[in-house]
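J.:
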Amino acid sequence: MAGDKRSQAKQILEASSIGWMFPLAIGIGFLWGRWLDGIFHTAPWLTGIFAVFGVIAAFINLFRMAKSDDTGGTPPDDSGSA
């Protein structure tokens with residue numbers, strides 16, 4: 049019974065982290081690109097590129113979370129061996 053509650057709480061925590069994952073990843077990419085644009089005077093190119101990298105990173109993390117849920121909470125083995 050206690051294990052079920054702990055498992056359910058963990059699932060709720062992981063689901064709620066998705067709401068923070070996307071804005072944080074995009075925001076960090078945007079701010080990093082903006083900072084680099086200020087250094088290299090390339091505005092708005094690096095801002096856009098790093099914001100897109102943030103979106104990509106958020107989706108990769110989302111897919112990893114979904115994949116770990118399918119395998120019972122363990123991350124997939126990416127060793128490539130069959």
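Using the working numbering, you'd call the opening residue of the sequence shown number 49 and step up by one each time.
The C-beta atom is built at its ideal place from N, Cα and C for all residues, glycine as well.
Measure the CB-CB distance between GLY77 and ALA91 and report whether it falls below 7 Å.
T.: Cβ atoms of GLY77 and ALA91: not closer than 7 Å.
J.: What does the Cβ neighbour count give for ILE74, buried or exposed, with the cut at 16 atoms within 10 Å?
T.: Counting Cβ neighbours within 10 Å, ILE74 comes out buried, since at least 16 surround it.
J.: ALA114 and PHE70: beta carbons closer than 7 Å?
T.: Contact: no.
J.: Quick one: grab the DSSP three-state call for ALA73.
T.: If DSSP states are grouped into helix, strand and coil, ALA73 belongs with the helices.
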